[in-house]
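*Asks:* Here you go, one structure.
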Amino acid sequence: MNFVAPDFLPLLPELFVLTMACAILVIDVFLDEEKRHISYGLSQLTVLGAAALIALTYANAPAVTMFGHYIKDAMGDLLKFFICLAAAAVFLYSRDYLRQRDLFKGEYYVLGLFGVLGMMIMVSAHSLLSVYLGLELLSLSLYALVAFDRDSPVASEAAMKFFVLGSLASGMLLYGISMIYGATGSVDLQVISDAVAKQGSNNLVLVFGLVFLVVGLAFKLGAVPFHMWLPDVYQGAPTSVTLYIGSAPKLAAFALVMRVLVDGLGALQGDWQQMLVILSVLSMAVGNLIAIAQTNIKRMLAYSTISHVGFLLLGILSGTPEGYAAAMFYAIIYVLMATGAFGVVILLSRAGFEAENISDFSGLNDRNPWLAFLMMIIMMSMAGIPFMAGFYAKWVVLQSVVEIGLVWLALVGVIFSVIGAFYYLRVVKCIYFDKSEQSEVIDMSRDVQIAISANGLLLIVLGLYPAGLMAWCASALLS
Amino acid sequence: MLSELPLLSLVIWFPILGGIAVLFIGDDNAARAKMLALTVSIVTFLLSIPLYTVFDGATAAMQFQEFMSWIPAFNANYHLGVDGFSMPLILLTAFMTVLVVIAGWEVIQYRIAQYMAAFLIMEGLMIGVFAALDALLFYVFFEAMLIPMFLIIGIWGGPRRVYATVKFFLYTFFGSVFMLIALIYMYNQANSFEILDFHKLPLTMTEQVLIFFAFLLGFSVKVPMWPVHTWLPDAHVEAPTGGSVILAAITLKIGGYGFLRFALPITPDASAMLDWLIITLSLVAVIYIGLVALIQQDMKKLIAYSSIAHMGFVTLGFFIVFGLHRHTGSLSGAAMAIEGGMVQMISHGFISGALFLCVGVLYDRMHSRQIKDYGGVANTMPVFAAFMVLFGMANAGLPGTSGFVGEFMVILSSFKASFWIAFLASFTLILGAAYTLWLIKRVIFGEIGNHHVAELQDINSRETIMLSLLVAAVLLLGLWPDPLTSVMHSTVNNLLQHITATKLL
């Protein structure tokens, strides 16, 4: 038996991230406490470099390598590009926060980079095995990151909860994978897709496997009723980690669903559509309703995430290329909004003070009008008010469900988005209408200021001209 | 030359950009921010004048059209244009914004740059609503308008401002999301977001009825019609004077405009079938809300309820045409009904704006809106009293003022449709006179109520200018409404032709 080396070139960005992560791990050992910024700089270099590599090698035609376990296509490249950018923003926003809390350690960046690598593998997976590997790489990094502030009992509790429930979900996923393997005889998504097309949904094992897969995916997405971990983890984790979890992994989760359900089990669309409808309606309902009762901003944003997942699923369940493009657009816009929202939360926190409650935003307009304005844009965007990108995201997914005739589902969606608007408005109310209890100025370094401004303004720019990104998403899915 | 300029884009984006510039000047340079805001609002108004002078009243086609591809994947375009309905409303918006800027000049002490900027951005968005010919673009402007108004009421409003502004936001947002679904649904049928394509789109009766209700939800909240009017008194009472003026003068008109642009032409058969519903709601607004206005203790609340009653006339005028057509078999009187509704909208914009400004003038001096705190204001503020009495008369529908023209036209055409509808609608003349004149009597006339009133200073030149402009508008429209109605004739006739022809397959 002779060994044929696979084509490594399509994996270039992944290999780059892997190499750099290992290198930073080693270099960091030799760095003094005051030179820690070198690890930070190298990490930024890694994610931005990876983004540049992806942009340079942007795939116009799909290429499968690693014996069918890996695919490089336009959808993957687009998502990976945004994952790297989101990670760069996360590293930047959390730098000062970590420094003030004595958490500015190389491990944060190494774990963060391995998480990014895991996401990239998930996005480009072309077999159930590489899907699982990428997912576990991401999850294990996240478990460790949540527990990163080891003296915090809340964080440790959150990490334990995350780990136990996450493992359970991984088990479900793995069980589903084994059933699919049993029914189709392969883990390769292409082979599975062909086999499923032949067998249809009459094969009970296949449908059983699908159910377990959907449960696993729903858990990773945070869709109701598999959302229990999300609020606790968001609240318990250090804000820098919440920022990380809340941003890029949503893109990876979207890719996961696309790869497994659409690429692999597309022929069972009729079966998973019904499951996603239930997940979506429940997520929109529970997410929006429970968010109203929250006083903790991180927890509120966690429930808001759940409701956004519900909307995202609307696009996927429509089962049309337009719907997938809509969901992808939604995911990207959502990551932009979540990064900005948690970014503002993190910027409000100072040494010895955690911006945790919605009331901590009171009078932000008096303390820093620009930051107040950005936060208002982000909140209005999340609520889906136009001239903010969030509106177009909601509109395209609603469009995709109306198109397949599920008008009632669109109605459910808009009703819950009105309910949801209430708690976003409450944040705006605190920012603009209430008086501040604190008068300290919010100091930001120049680069952070530029980044958060760009982040917020991008929501308006994309709101005025959403066509470019929409067309990009559509073309990425059609290639 | 003027017609080659992208005038509509200019009047939309110039105030918005101006507002952003005012924001950047910041609250620390209040004087400069105010000057810039005034300049921007005046220039915008001057820019809007050619829309009237160059406007061709002989055609019902859209004029000053601008077209740019916006979201090609969904065939949504940046398509602007005006006809006889939207053009006067754009002028009204530009005019009232100038007054609002003047009204806030010395009164607003807190975050003045943000205040001015909010109104300028609001102006651009409202003009965008009137000028949009693409349904998605319309919706975007329609919703975006909520943000500045939300902030205006919430930041500069009265004690219960948070409750009022959240209620305002959620009510309007709730109403409009169903419209979005309706628009998406029609897009899937027509494969276009052009409003004019929607006008031609054939729809079954079931579809029309559902779409009609979606529009009704969206626009009736804005108008507002009974029973979804409850946000309005709260919002008006808590809003700063400028906010009340814009709410009453312009945003309410967006509801009426929505009926003309969307509900009537897109779902004519459903509108014809359900006209009794709108007429009933309108009559309830005219009579019941008129009675409610009578017992108000708060001046702003009284004017707010009077607004709802007057807007009832607008919707009555728009929907009486079906009954008129059925009853007489011809369209001869129908044009007068719709034009009456339109005149009523413009006139109510002037009058309600003026009354809110008058209350603002009093409030700035006394910090009370309660009627009982006043009395005999005419003794200390004779000039102001003259203005307020005039606007009160206009609100009561005195012939010679603009308030009379619209109501008279609507009642006259209602007679042709049904005696009883006209009879009930005529109650407005009694009720309107009752609540307005009683308000005037208690506030302006009589003995000097208390020592606060005795110390009142009469209006200064800024306030005089502001109110004189409105007097001119009210009298001009009242004595000579032809300049307004003549630009609408073709558009109205075109609409009537369209809505009396069935769209059913």
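Protein chains in written order, with our numbering: chain A, 1061 to 1539; chain B, 131 to 635.
Yeah, the Cβ is synthetic: ideal placement off N, Cα and C, and Gly gets one too.
As the structure is a computational prediction, the values presented were derived from the model and not from experiment.
What three-state label does DSSP hand B:Ile-578 in the structure shown?
*Replies:* coil
*Asks:* When you compare only the Cα positions, how much space is there between A:Thr-1355 and A:Phe-1068?
*Replies:* Rounded to whole angstroms, A:Thr-1355 to A:Phe-1068 spans 49 Å at the Cα level.
*Asks:* In this structure, does DSSP put A:Arg-1161 in helix, strand or coil?
*Replies:* coil
*Asks:* Look at the alpha carbon of A:Leu-1270 and the alpha carbon of A:Gly-1330, and state the distance between them as a whole number of angstroms.
*Replies:* Their backbone Cα atoms lie some 12 Å apart in a straight line.
*Asks:* Could you pull out every residue in the same chain whose Cβ sits closer than 7 Å to the Cβ of B:Glu-469, ignoring the five residues on either side in sequence?
*Replies:* Met-539, Thr-615, Met-618, Val-622
*Asks:* Could you name the residues of the same chain whose beta carbon sits closer than 6 Å to that of A:Leu-1075, not counting the 5 residues immediately before and after it, in chain order?
*Replies:* none
*Asks:* May I have a chain-ordered list of the alpha helix (DSSP H) segments no shorter than 4 residues that lie completely inside the region 485–517 of chain B?
*Replies:* 507–510
*Asks:* Short of 7 Å in beta carbon distance, which residues of its chain neighbour A:Tyr-1363, apart from the five on each side in sequence? Order them along the chain.
*Replies:* Excluding the 5 residues flanking it on each side, A:Tyr-1363 has same chain C-beta neighbours closer than 7 Å at Pro-1291, Gly-1347, Ile-1350, Ala-1351, Gln-1354, in chain order.
*Asks:* Under DSSP, the alpha helix (DSSP H) around A:Asn-1263 begins and ends at which residues?
*Replies:* Premise fails: A:Asn-1263 is in no alpha helix (DSSP H) and is neither H nor E.
*Asks:* Provide the residue span of the beta strand (DSSP E) that contains B:Trp-200, from first to last.
*Replies:* Taken as a continuous stretch (DSSP letters only), the beta strand (DSSP E) holding B:Trp-200 covers 193–201.
*Asks:* Interface residues of chain A around B:Tyr-269 at Cβ under 8 Å?
*Replies:* Within 8 Å Cβ-Cβ: Pro-1446.
*Asks:* Whole-angstrom Cβ separation of B:Ala-190 and B:Ser-620, contact assumed at under 8 Å?
*Replies:* At roughly 4 Å, the Cβ-Cβ gap stays under 8 Å, so B:Ala-190 and B:Ser-620 are in contact.
*Asks:* Here's a check: name, in chain order, each residue in its chain whose Cβ is nearer than 6 Å to the Cβ of B:Gln-195, leaving out the five neighbours to either side.
*Replies:* If we look at B:Gln-195 and ignore the five residues flanking it on each side, its Cβ neighbours are Gly-211.
*Asks:* Could you pull the start and end residues of the beta strand (DSSP E) that B:Asn-207 belongs to?
*Replies:* 206–212
*Asks:* When Cβ atoms are compared, which residues of the region 260–285 of chain B fall closer than 9 Å to chain A?
*Replies:* Taking 9 Å as the Cβ-Cβ cut-off against chain A, the residues of the region 260–285 of chain B that qualify are Leu-266, Tyr-269, Val-270, Phe-271, Phe-272, Glu-273, Ala-274, Leu-276, Ile-277, Phe-280, Leu-281, Gly-284, Ile-285.
*Asks:* Do you know offhand how far B:Leu-222's Cα is from B:Met-256's?
*Replies:* 11 Å
*Asks:* Relative to the alpha-carbon of A:Tyr-1394, which residue among A:Gln-1509, A:Gln-1160, A:Ser-1378, A:Ile-1143 has its alpha-carbon at the smallest distance?
*Replies:* A:Ile-1143
*Asks:* From B:Ala-151 to B:Ala-163, what does the alpha carbon distance come to, in whole angstroms?
*Replies:* 9 Å
*Asks:* Is there at least one non-hydrogen atom of the ligand ATP closer than 7 Å to the beta-carbon of A:Ala-1531?
*Replies:* As presented, the structure is devoid of all ligands, the ligand ATP included, so that no description of it is given.
*Asks:* Does the beta carbon of B:Phe-449 come closer than 8 Å to any beta carbon on chain A?
*Replies:* no
*Asks:* Whose Cβ in chain A lies nearer than 8 Å to the Cβ of B:Arg-291?
*Replies:* Simply Phe-1493.
*Asks:* What residues from chain A crowd round B:Asn-318, counting only those whose CB sits closer than 7 Å?
*Replies:* Around B:Asn-318, the beta-carbon contacts reaching into chain A at under 7 Å are Val-1462, Glu-1463.
*Asks:* How long is the line joining the alpha carbons of B:Leu-346 and B:Asp-405, rounded to whole angstroms?
*Replies:* 12 Å
*Asks:* Distance check for A:Val-1256 and B:Ser-216, CA to CA, integer angstroms please.
*Replies:* 57 Å
*Asks:* Measure the C-alpha to C-alpha separation of B:Ile-220 and B:Val-491 and round it to an integer number of angstroms.
*Replies:* 26 Å
*Asks:* Please confirm whether A:Pro-1381 has its beta-carbon closer than 8 Å to some beta-carbon of chain B.
*Replies:* Nearest CB-CB separation between A:Pro-1381 and chain B: not below the 8 Å threshold.
*Asks:* Using three-state DSSP, classify A:Lys-1132 as helix, strand or coil.
*Replies:* Here DSSP, grouped into helix, strand and coil, assigns A:Lys-1132 to strand.
*Asks:* Less than 7 Å between C-beta atoms, sequence neighbours within five positions excluded: which residues of the same chain meet that for B:Met-198?
*Replies:* Asn-207, Tyr-208
*Asks:* Please name the residue in B:Ile-551, B:Asp-327, B:Leu-138 whose C-alpha comes closest to that of B:Gly-447.
*Replies:* Of the listed residues, the one whose Cα sits closest to B:Gly-447 is B:Ile-551.
*Asks:* Mind listing the chain A neighbours of B:Phe-303? Cutoff is C-beta to C-beta under 7 Å, in chain order.
*Replies:* Val-1478, Ala-1481
*Asks:* Run through DSSP, which three-state label would A:Thr-1125 get?
*Replies:* strand
*Asks:* Contact criterion: CB-CB distance below 8 Å. Does B:Val-296 meet it with respect to chain A?
*Replies:* yes
*Asks:* 8 Å is my cut-off, CB to CB: does B:Phe-144 come that close to chain A?
*Replies:* Closer than 8 Å to the CB of B:Phe-144 there is not a single CB belonging to chain A.
*Asks:* B:Ala-320 and B:Phe-328 - do their beta-carbons sit closer together than 8 Å?
*Replies:* yes
*Asks:* State buried or exposed for A:Asn-1425, treating a residue as buried only when at least 16 other CB atoms are found within 10 Å of its CB.
*Replies:* Buried, by the Cβ-count rule.
*Asks:* Label A:Asn-1120 either buried or exposed according to how many other C-beta atoms from any shown protein chain fall within 10 Å of its C-beta, with 16 as the threshold for buried.
*Replies:* exposed
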